[in-house]
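See structure below.
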Amino acid sequence: MKKSLFALAAASGFACAAQAQSSVTLYGLIDAGFTYTNNNGGHSSWQATESNEQGSRWGLKGSEDLGGGLKAVFQLENGFNVETGGLKQGGRMFGRQAWVGLSSNQYGTLTLGRQYNSLQVFVAPLQVGGSTTLTAYSTHPLDNDNINNTYRTDNAVKYSTLNYAGFQAEAMYAFSNSSSFAVNRAYSFGASYSNGPLNLGAAYVRLTNPAFRNDTVGAIPSDNYYSATTMPFLATAETVQQWGAGGTYAIGPATIGLLYTGALFGNPTRGSLFSGATGNGGGTGSVHFENGELSLRYMFTPALFAAIGETYTHATQGAGTGNYWQTSAGVQYFLSKRTDIYLNGMYQTTSKHLNAWIEAIGAPSTTSTQVAAVVGIRHKF
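Residue numbers for the sequence shown follow my numbering, so the first one is 440 and each next one is one higher.
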């Protein structure tokens, strides 16, 4: 009897030790509200909307201590539409993230799976919506730089360095999984630096034949990419390059941000960014965007937060040129550490031959201006 009790106690001790070396966390976020648009495809609209501040999600992340400073790590993250209960990211179970890897306290981290590229990791958080209520609606026109995660990257292998005195870097390569090595592959690299009130980041991304001929097994699947119906001049590009650099600096309760991003969609096979066929509206060939953003975030109290961002975008396609100007402003009030309510307002205007289209609005304006207002609630768990 004593031996049995001793064996049971020993087994329990080993189980507790094993449990202490491993951890799994369930987490999530639910975001829902209402959006008013003055011109949504030619008419005003009131809509029940979701993922206004951040994409609704739930996920699992964890690690296992393998000894010697080495850990196994993983993350699975599902994106869903809280208004309908349906899956997002093309109907994937874990469409936001799905990866596994090894992390060393000496050599850094190596991960494999569906992941964010370096621009999303190091540059997106510096954008005015990267850490505020403005996330989706303050995105640069057509999400040309992928700050709003229009696409994520499959079949990716990523190496991330340790944090050295505030400096961190990463590089990622994503396989095509095709008999043609160069079809639908991707790579990216970037770095960040943080020191007290200062945060800096820069990154570069290149896609080769993304979403090639409705491919769903390569690095950039066609069912989770720019729409070939509404944006063929982006979706059918043979190559895509996206880049960015910026920084934020905190002065007391205020944070000032400056950001530059760009994108080049090489040789789209159909579609034109510009309307009209003559003058500066005649555009065929590669599409080039350059975005400049100035932002201000201000914390009035620990519970009350506001932000405003001004963005200028210059776009060209062949002989066609045009500009977007966008103002985004928002206020957050935290009811608790995990629950906040928010109010956002956005105004976008464009030059001739371009229709205004605020990101996350269902359809472009039929004119050169578009106005939207959003109110909602976000809860984290």
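Ideal Cβ placement from N, Cα and C applies to all residues, glycine included.
Outcome for residue i when other beta-carbon atoms lying within 10 angstroms are tallied against a minimum of 16
{"i": "G635", "result": "exposed"}
{"i": "G710", "result": "buried"}
{"i": "L485", "result": "Per the sequence shown, residue 485 should be read as Trp rather than Leu. That one is exposed."}
{"i": "V679", "result": "buried"}
{"i": "T750", "result": "buried"}
{"i": "M532", "result": "exposed"}
{"i": "G507", "result": "exposed"}
{"i": "I690", "result": "exposed"}
{"i": "T806", "result": "exposed"}
{"i": "V813", "result": "buried"}
{"i": "V562", "result": "buried"}
{"i": "F713", "result": "buried"}
{"i": "R777", "result": "exposed"}
{"i": "N491", "result": "buried"}
{"i": "S661", "result": "buried"}
{"i": "Y763", "result": "buried"}
{"i": "S483", "result": "exposed"}
{"i": "A487", "result": "exposed"}
{"i": "T523", "result": "exposed"}
{"i": "S619", "result": "exposed"}
C-alpha distance - residue i paired with residue j, whole-angstrom precision
{"i": "Y664", "j": "F739", "result": "38 Å"}
{"i": "Q514", "j": "F651", "result": "28 Å"}
{"i": "Q554", "j": "T655", "result": "16 Å"}
{"i": "L735", "j": "A802", "result": "28 Å"}
{"i": "V644", "j": "W682", "result": "6 Å"}
{"i": "A658", "j": "T669", "result": "22 Å"}
{"i": "L581", "j": "S725", "result": "15 Å"}
{"i": "E489", "j": "G518", "result": "11 Å"}
{"i": "L703", "j": "Q756", "result": "10 Å"}
{"i": "L646", "j": "F628", "result": "12 Å"}
{"i": "L505", "j": "A511", "result": "7 Å"}
{"i": "S502", "j": "N477", "result": "48 Å"}
{"i": "G498", "j": "L565", "result": "24 Å"}
{"i": "Y590", "j": "G534", "result": "10 Å"}
{"i": "G769", "j": "L782", "result": "6 Å"}
{"i": "Y699", "j": "L541", "result": "33 Å"}
{"i": "K791", "j": "P671", "result": "20 Å"}
{"i": "A754", "j": "E729", "result": "7 Å"}
{"i": "Q821", "j": "L601", "result": "The chain is shown only over 440 to 820; residue 821 falls outside these bounds and no answer can be derived."}
Supposed contact pair residue j and residue i - C-beta distance, whole angstroms, cut 8 Å
{"i": "S577", "j": "S804", "result": "S577 to S804, Cβ: 17 Å. No contact."}
{"i": "A811", "j": "Y475", "result": "7 Å"}
{"i": "T687", "j": "G696", "result": "4 Å"}
{"i": "V539", "j": "I469", "result": "About 26 Å separates the two Cβ atoms, so there is no contact after all."}
{"i": "Q809", "j": "A795", "result": "4 Å"}
{"i": "I780", "j": "A471", "result": "That belief does not hold up - the Cβ atoms of I780 and A471 are roughly 11 Å apart, past 8 Å."}
{"i": "L558", "j": "A642", "result": "4 Å"}
{"i": "A575", "j": "Q607", "result": "Not quite, the Cβ-Cβ distance comes to about 26 Å (not below 8 Å), so this is no contact."}
{"i": "N648", "j": "E677", "result": "6 Å"}
{"i": "V560", "j": "E516", "result": "Not confirmed; about 14 Å, so no contact."}
Assigned secondary structure, residue i (DSSP; H/G/I helix, E/B strand, else coil)
{"i": "R736", "result": "strand"}
{"i": "V560", "result": "helix"}
{"i": "T808", "result": "strand"}
{"i": "A716", "result": "Summary for A716: the model assigns pLDDT 39, below 50, so the residue's position carries little reliability, and this model does not support an answer."}
{"i": "L565", "result": "helix"}
{"i": "R624", "result": "strand"}
{"i": "Q460", "result": "helix"}
{"i": "F533", "result": "coil"}
{"i": "R853", "result": "Nothing can be reported for residue 853, as the shown portion of the chain is limited to 440 through 820."}
{"i": "D584", "result": "coil"}
{"i": "L673", "result": "helix"}
{"i": "F820", "result": "coil"}
{"i": "N544", "result": "coil"}
{"i": "S661", "result": "helix"}
{"i": "R553", "result": "strand"}
{"i": "R709", "result": "coil"}
{"i": "F744", "result": "strand"}
{"i": "N491", "result": "coil"}
Measuring CB atoms only, is the region 620-638 touching the region 534-553, in the sense that at least three cross pairs come out at less than 8 Å?
no
Would you call the region 785-798 in contact with the region 604-621, where contact means no fewer than 3 C-beta pairs closer than 8 Å?
no
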